[in-house]
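The next block holds one structure in the form of structure tokens; read it before the comments.
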DNA sequence: TCGTATCTTGACCACTTGGTTAAATATACA
DNA sequence: TGTATATTTAACCAAGTGGTCAAGATACGA
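Protein chains in written order, with the working numbering: chain U, 1 to 209; chain D, 1001 to 1209.
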């Protein structure tokens, strides 16, 4: 009684599904779910619409697959926050990593932003389960640091929000940022890193008592 | 030779256009441009689709009107940054005001977020003109403060990005925030304010030299 | 009160889009 | 090599959507 879902997958199947998902990430990230058409995805994947729908019966199935795959990548260096490390260093390391991710995977960031903006119709369970558990754990680490006086008395969850927003902003609001920033991308991210580092590391340093 | 655009507008005209724009703000903010239908807007405004299109010939015209009107409200307490005031207080006041706006006008925030995420198709001129000028001016005020040693040496533009992102996040990512936060809205924003205040005011304090 | 200009909407149209189907073609493998 | 299976796509369909139109309803100044 083997699971039919486990039936072995053809070489071509794997290749094409990958191609479709990669194409769909681009398309969904820039147009949102409703703004994207199967035709666009097919075009981006260089195959016919009918063929795309041969691999994923419905548009929604493509979207879910993309989201699924992206989530698993995105699931956050937050994980690696080390309770034994130096608090400010740990948080700064995490922040820098998120900034890096925004730069290297802006599509993924925008995919999420779109999904959440539209009310998180497909990702709510993930938010309430995996993510909530992860965040709760990490917040209690941060709280411990605060209780020990190693960190300014912020509210951990809101600190996490600050880090997420400040870093993802560089992916999600790219057109605005490009309109206002004059230098090249390297300079932009160097400035971002410098500014975030200054504010976060200074901002989190506990006042001497 | 009176401008035909100035032809006086009926009471009903004004009322209905307002109703449509208010309804459209809701609809566009939660569904994005392509995700919204004229029918939805009509329903939200309690009139027929044909009537909506009697006042705004095209869907795009409704969108532009909404964006226009919202921009003019949004155009930012950044304006009021007082070069003569205490730098950290000024910046904190601005931050708090933005946070307040996110709470009170989340639809406006989401409308912009959607527009920028989709590549800012309708708002690019505004970004490059009014907004760029405003931001450039205010950044030079901040730079002056830094040069005088009243503020930690951050990059002004990136500080602005930090403030925008950290505050708008509470409107734009509401479903995620609700999933992760347990208390009520009052508590959430109180925590947000406390955390932002701590990090921004501490983070911007220049180190004694 | 009347007549005109404004307002309102049901019916309709053209086009887009998600999805189906049947038939042709390529692939794998005994 | 032959055949079953997997892949590909042109053609098609139904629903949804932006937008039009003509005809009736309503408001309002003279």
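Here a beta-carbon is modelled for each residue, glycine too, at the ideal position from N, C-alpha and C.
For residue 186(U), which option in 138(U), 145(U), 99(U), 108(U) has the closest C-alpha, if you only look at C-alpha atoms?
99(U)
Step through the CB atoms of chain U and report whether any lies within less than 8 Å of the CB of residue 1141(D).
no
Does any C-beta atom of chain D lie closer than 8 Å to the C-beta of residue 165(U)?
yes
State buried or exposed for residue 1184(D), treating a residue as buried only when at least 16 other CB atoms are found within 10 Å of its CB.
exposed
Neighbourhood of residue 1109(D) by C-beta distance below 7 Å, restricted to the same chain and skipping five residues each side
1102, 1168, 1171, 1172
On the three-pair Cβ rule with 8 Å, is the stretch 1084–1093 of chain D touching the stretch 1051–1065 of chain D?
no
Could you give the C-beta distance for residue 1023(D) and residue 1044(D), rounded to a whole number, given that I count them as a contact under 8 Å?
4 Å
Tell me the DSSP secondary structure of residue 198(U) in three-state form.
helix
Residue 21(U) versus 207(U), 159(U), 92(U), 107(U), residue with shortest Cα-Cα distance:
107(U)
Which chain D residues are close to residue 205(U), counting only those with a beta carbon under 8 Å from its beta carbon?
1202
Inter-residue CB distance, residue 1198(D) and residue 27(U) (contact presumed, cutoff 8 Å):
Going by Cβ atoms, the distance from residue 1198(D) to residue 27(U) rounds to 41 Å, so no, they are not a contact pair.
Neighbourhood of residue 69(U) by C-beta distance below 7 Å, restricted to the same chain and skipping five residues each side:
21
What is the DSSP secondary structure of residue 1212(D), counted as helix, strand or coil?
Absent from the model: residue 1212(D). The displayed extent of chain D is 1001 to 1209, so no value can be given.
How many angstroms separate the CA atom of residue 3(U) from the CA atom of residue 134(U)?
Model confidence at residue 3(U) stands at a pLDDT of 32, short of 50, so the residue's coordinates are unreliable and nothing is read from them.
For a quick check, are the C-beta atoms of residue 1158(D) and residue 192(U) less than 8 Å apart?
yes
When we look at the beta-carbon of residue 156(U) and count the other beta-carbons within 10 Å, is it buried (16 or more) or exposed?
buried
Within the same chain, show all residues whose beta-carbon is closer than 6 Å to that of residue 1252(D), passing over the 5 residues directly before and after it, in chain order.
The displayed coordinates of chain D run from 1001 to 1209. Any statement about residue 1252(D) would go beyond what the structure contains.
So what's residue 47(U) in DSSP terms, helix, strand or just coil?
coil
Assuming residue 1252(D) contacts residue 189(U) under a Cβ cut-off of 8 Å, what Cβ separation, rounded to an integer in Å, is found between them?
Outside the displayed range of chain D (1001 to 1209) lies residue 1252(D), so it cannot be described from this structure.
Could you tell me which of 95(U), 30(U), 111(U), 206(U) sits nearest to residue 165(U), measuring between CA atoms?
95(U)
Buried/exposed call for residue 15(U), threshold 16 Cβ in 10 Å:
exposed
Apart from the five residues just before and just after residue 1141(D), which ones in its own chain have a Cβ nearer than 7 Å to its Cβ?
1081, 1083
Could you tell me the alpha carbon to alpha carbon distance between residue 1116(D) and residue 40(U), rounded to whole angstroms?
20 Å
With DSSP collapsed to three states, give me the class of residue 1153(D).
coil
Once DSSP output is grouped into helix, strand and coil, what is the label at residue 84(U)?
coil
Quick check on the burial criterion: 16 or more other C-beta atoms within 10 angstroms. Buried or exposed for residue 1114(D)?
buried
Using the C-alpha atoms, what's the distance from residue 1120(D) back to residue 1063(D)?
13 Å
For residue 35(U), go through chain D and note every residue whose CB falls closer than 8 Å to its CB, in chain order.
1032, 1033, 1034, 1035, 1118
Compute the beta-carbon to beta-carbon distance between residue 1127(D) and residue 1204(D), rounded to the nearest angstrom, for a pair I have assumed lies under 8 Å.
The Cβ separation is near 26 Å, so there is no contact.
Less than 8 Å separating the beta-carbons of residue 1029(D) and residue 1111(D)?
yes
Nearest neighbour of residue 1078(D), chosen from 1145(D), 1093(D), 1067(D), 1012(D) [CA to CA]:
1093(D)
Among 1194(D), 1182(D), 1065(D), whose alpha-carbon lies nearest the alpha-carbon of residue 1025(D)?
1065(D)
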